[in-house]
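Data block below; observations after.
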Amino acid sequence: MPAALVENSQVICEVWASNLEEEMRKIREIVLSYSYIAMDTEFPGVVVRPIGEFRSSIDYQYQLLRCNVDLLKIIQLGLTFTNEKGEYPSGINTWQFNFKFNLTEVFRKLLISWICRELEGSTRQAQTHC
40 MPAALVENSQ VICEVWASNL EEEMRKIREI VLSYSYIAMD TEFPGVVVRP
90 IGEFRSSIDY QYQLLRCNVD LLKIIQLGLT FTNEKGEYPS GINTWQFNFK
140 FNLTEVFRKL LISWICRELE GSTRQAQTHC
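Note that the working numbering has the sequence shown beginning at 40, numbered continuously upward.
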């Protein structure tokens, strides 16, 4: 798999199912000398918003992120390796693991969950008014 070159001599390798074993072998070797790891994750986006009152906009932003991370599946995980001096290993030093999932299935589950909450709320409301 070709690696992409970015600033500061960072070389990124895209990891898919087809090269997972080979790249994991390389990571097991690199981590012996470059044991400081930066991690980045990517999710499909924002599909729900938290409701209620929040202490601050920071609290709202945290809950927004938490809700969506809890509901959605990760689409990419990035790992960058450095040593204690912040130096990158020569060659590949960042791996981006790409995950496969079915977006239709994700939204189907969200819709079912929303319908269940709506029905539960309607039932509670009907019981309150009877």
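Note that the Cβ used here is the ideal one computed from N, Cα and C, for glycine as well.
Here the structure is a predicted model, which is why all the values come from computation and not from measurement.
Using a Cβ distance threshold of 8 Å, A77 and T143 do not count as a contacting pair.
Shown here, L116 sits in a strand according to DSSP, grouped into three states.
DSSP places I76 outside any alpha helix (DSSP H); the residue lies instead in the beta strand (DSSP E), whose first and last residues are Y75 to E81.
In this structure, V54 sits away from W153, with a CB-CB distance that is not shorter than 8 Å. Taking Q49 as the centre and dropping the five residues before and after it, the same chain places the C-beta of T119, Y127, N132 and T133 closer than 8 Å to its C-beta, in chain order.
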